[in-house]
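Visitor: Position one of the sequence shown corresponds to residue 159 (the numbering used here), numbered consecutively onward.
Note that CB positions come from ideal geometry on N, CA and C, so glycine has one too.
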Amino acid sequence: MEQWDIYDENKQKTGRTMNRNDWNMQPGDFHLTVLGVLRRPDGTYLITRRRMDKEWAPGCWEVPGGGVRAGESAEDAVKREILEETGVDVSNADGGYVFSYKRVNPEEKNNYFVDIFRYTMDIPDSAVHTQEREVMEYAFATLEQIQEYGKQGVFLHYDSIKQVFTD
Numbered sequence: 159m160e161q162w163d164i165y166d167e168n169k170q171k172t173g174r175t176m177n178r179n180d181w182n183m184q185p186g187d188f189h190l191t192v193l194g195v196l197r198r199p200d201g202t203y204l205i206t207r208r209r210m211d212k213e214w215a216p217g218c219w220e221v222p223g224g225g226v227r228a229g230e231s232a233e234d235a236v237k238r239e240i241l242e243e244t245g246v247d248v249s250n251a252d253g254g255y256v257f258s259y260k261r262v263n264p265e266e267k268n269n270y271f272v273d274i275f276r277y278t279m280d281i282p283d284s285a286v287h288t289q290e291r292e293v294m295e296y297a298f299a300t301l302e303q304i305q306e307y308g309k310q311g312v313f314l315h316y317d318s319i320k321q322v323f324t325d
């Protein structure tokens, strides 16, 4: 079972771990997730659409991301998640960490921090190889398209991360 580090409210590791997706967190405990925004020099962004058979948010658009494994840095996690979900290696891309946000959900027992990364590189369509069990399609979307998906409520985390698309 994949393990995640548990962080305190100040985003410091507590020395404890939890099983991945074990939503039974104590008050004041957090886990860390990452999101990776990939921008091409032409100003378009690589976005993926979740498969329709996904339990949570089927058919929604998103950027690559996921949980940070125990002992893993956020930067290593986002690079791993991007590679797993899109086949794109951002190791030599320009960019990096942009900002974080925190969510406290006591009713769900799921508190977390999200570290947002943005990378810029020329990504040919031929370089994108999506993860079939997670992704049904991908697109290189304009800022306007992403904003429209956000307004429609079909772009995950949009309100929390929209500034990463316009900075």
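DSSP state of R238, grouped into three classes?
Guide: Sequence index remark: in the sequence shown, residue 238 carries index 80 (1-based). Helix at R238.
Visitor: Once you ignore the five residues that flank K212 on each side, which residues in its own chain have a CB closer than 8 Å to its CB?
Guide: As a first step, residue 212 is located in the sequence shown; it is residue number 54 there, counting from the start. Correct list, in chain order: E292.
Visitor: Comparing alpha-carbon positions, which option in Y307, G186, V256, L241 lies nearest Q321?
Guide: Start at 1 with the first residue of the sequence shown, and residue 321 comes out as number 163. Considering only alpha carbons, the answer is V256.
Visitor: Could you work out which residue in Q289, G308, S258 is closest to K169 when comparing CA atoms only?
Guide: Reading the sequence shown from its first residue, position 11 is the one you call residue 169. Looking at the Cα atoms, S258 is the closest of the given residues.
Visitor: Can you give me the Cβ contacts of T278 inside the same chain, cut-off strictly under 6 Å, excluding the 5 residues immediately before and after it?
Guide: On the sequence shown, residue 278 is found 120 positions in, with the first residue counted as 1. R197, D252, G253, listed in sequence order.
Visitor: Just verifying my parser: in three-state terms, what is the DSSP assignment at L314?
Guide: On the sequence shown, residue 314 is found 156 positions in, with the first residue counted as 1. Coil at L314, not helix or strand.
Visitor: So what does DSSP say about A251, is it helix, strand or coil?
Guide: Locating residue 251 in the sequence shown gives position 93, where the first residue counts as 1. Reduced to three states, the DSSP call for A251 is coil.
Visitor: Using the DSSP secondary-structure output, state which residues sit across from Y277 in a beta bridge.
Guide: Position 119 of the sequence shown, counted from the first residue, corresponds to residue 277. Paired residues: L196, G253.
Visitor: Would you kindly work out how many angstroms separate the C-alpha atoms of Q161 and N177, rounded to a whole number?
Guide: On the sequence shown, position 3 is the one that residue 161 refers to. On the sequence shown, position 19 is the one that residue 177 refers to. Taking the straight line from one Cα to the other gives about 5 Å.
Visitor: Tell me, to the nearest whole angstrom, how far the beta carbon of E233 is from that of P222; I am working on the premise that it is less than 8 Å.
Guide: The count along the sequence shown starts at 1 and reaches residue 233 at position 75. The count along the sequence shown starts at 1 and reaches residue 222 at position 64. Not a contact, Cβ separation roughly 14 Å.
Visitor: Hey, out of R227, C218, V246, whose CA is closest to E295's CA?
Guide: Start at 1 with the first residue of the sequence shown, and residue 295 comes out as number 137. Cα-wise, what sits closest to E295 is C218.
Visitor: Can you tell which of R276, N268, T175, T206 has its C-alpha closest to the C-alpha of N250?
Guide: The residue given as residue 250 occupies position 92 in the sequence shown. For the residues R276, N268, T175, T206, the minimum Cα distance to N250 belongs to R276.
Visitor: One question on the structure: do F298 and Y165 come within less than 8 Å of each other, judged by their Cβ atoms?
Guide: Along the sequence shown, one-based indexing puts residue 298 at 140. Along the sequence shown, one-based indexing puts residue 165 at 7. No; because the gap between Cβ atoms is not below 8 Å, this pair is not in contact.
Visitor: With distances taken between CB atoms, is the gap from L301 to G201 smaller than 8 Å?
Guide: Reading the sequence shown from its first residue, position 143 is the one you call residue 301. Reading the sequence shown from its first residue, position 43 is the one you call residue 201. Taking 8 Å as the Cβ cut-off, L301 and G201 qualify as a contacting pair.
Visitor: With 16 other CB atoms within 10 Å as the buried threshold, where does G173 fall?
Guide: Working through the sequence shown from its first residue, we reach residue 173 at position 15. Counting Cβ neighbours within 10 Å, G173 comes out exposed, since fewer than 16 surround it.
Visitor: Out of Q310, R227, D273, T288, point me to the one whose CA is closest to G194's CA.
Guide: Looking up residue 194 in the sequence shown gives position 36. With distances taken between Cα atoms, G194 lies closest to D273.
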